[in-house]
Amino acid sequence: DAGVIQSPRHEVTEMGQEVTLRCKPISGHDYLFWYRQTMMRGLELLIYFNNNVPIDDSGMPEDRFSAKMPNASFSTLKIQPSEPRDSAVYFCASKYQGTSTDTQYFGPGTRLTVL
Amino acid sequence: RKEVEQDPGPFNVPEGATVAFNCTYSNSASQSFFWYRQDCRKEPKLLMSVYSSGNEDGRFTAQLNRASQYISLLIRDSKLSDSATYLCVVRRGGADGLTFGKGTHLIIQP
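Residue numbers (my numbering), protein chains in the order written: chain F, 38 to 152; chain V, -19 to 90.
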């Protein structure tokens, strides 16, 4: 079974550039989450979707960040313009509400470096 | 105060020893509790859910104390492969996103 797929795995960009991160959740999962991990702050929830609808975006740091989920098999997280403090590992995770285990499955992450 | 707090370690433990981690959470509305494991430069993976009655999975035992808002993880007969960062995780009632502690780094030494 394919797990959560993220691309790119690594991204190096310069301050001010637009960055787009992509995620394909596990087929059949109805929730999709975007998290960010830094040494300073650990893992933090940015936004999540249920059935492609954004439910809670209170973790999105500022207006430079936006996320979309145009269909059940694809989501993007966009940063425009990027800043050095956005450097982090961005994880996408998905889950299926119909199970009793409440398990979220994480993708391998995108390591973003903003110079 | 962070919502989930853990001792960052590192815990250096000889192979075969028993090691225990604790974490505390501040939101009494927390409803679900988990331990995730994260290997270096990898994604977090669920190790086990934590139930009020306590639960065991092989060498791993998890306990939850709702009154004290405290979660523990015990690893018996530790293996070299147990070396990782262990993340204490809670989910608030009415929410779906997870809140993570910053993790406890465990190093098992031969």
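Each residue gets a CB set at the ideal place from its N, CA and C atoms; glycine is no exception.
Proximal residues to residue i (C-beta, below 6 Å), its chain only, five neighbours per side dropped
| i | result |
| --- | --- |
| PHE70/F | TYR85 and ALA130 |
| SER12/V | ARG71 |
| VAL49/F | THR150 |
| MET97/F | LEU83 and ILE84 |
| LEU152/F | GLU51 |
Cα-Cα separation between residue i and residue j, rounded to whole angstroms
| i | j | result |
| --- | --- | --- |
| GLY81/V | SER8/V | 16 Å |
| ARG59/F | ASP76/V | 21 Å |
| GLN117/F | LYS105/F | 14 Å |
| THR79/V | ARG46/F | 24 Å |
| TYR68/F | LEU80/F | 18 Å |
| ARG148/F | SER124/F | 8 Å |
| SER58/V | PHE14/V | 20 Å |
| VAL(-1)/V | LEU60/V | 13 Å |
| ASN(-8)/V | PRO91/F | 42 Å |
| GLY74/V | PRO90/V | 44 Å |
Same chain only: Cβ atoms within 7 Å of residue i, ignoring 5 sequence neighbours per side
| i | result |
| --- | --- |
| ALA109/F | ASN89 |
| CYS3/V | VAL(-16), GLU(-15), GLN(-14), ILE51, CYS68 and GLY81 |
| ARG46/V | SER32 |
| ASP62/V | ILE55, LEU86 and ILE88 |
Terminal residues of the beta strand (DSSP E) in which residue i lies
| i | result |
| --- | --- |
| THR140/F | Premise fails: THR140/F is in no beta strand (DSSP E) and is neither H nor E. |
| GLN(-14)/V | -16 to -14 |
| ALA39/F | Segment: none, ALA39/F is in no beta strand (DSSP E) and carries neither H nor E. |
| LYS115/F | 111 to 116 |
| SER29/V | 24 to 30 |
| LYS61/F | 56 to 61 |
| ASP37/V | 35 to 37 |
| ASN108/F | 102 to 108 |
As assigned by DSSP and simplified to three states, the class of residue i
| i | result |
| --- | --- |
| PRO121/F | helix |
| ASP94/F | coil |
| ASP62/V | helix |
| TYR133/F | coil |
| GLN18/V | strand |
| ASN89/F | coil |
| LEU78/V | coil |
Closer than 7 Å to chain B by CB, residue i
| i | result |
| --- | --- |
| PRO45/F | Among the protein chains in the structure shown, which are F and V, there is no chain B. |
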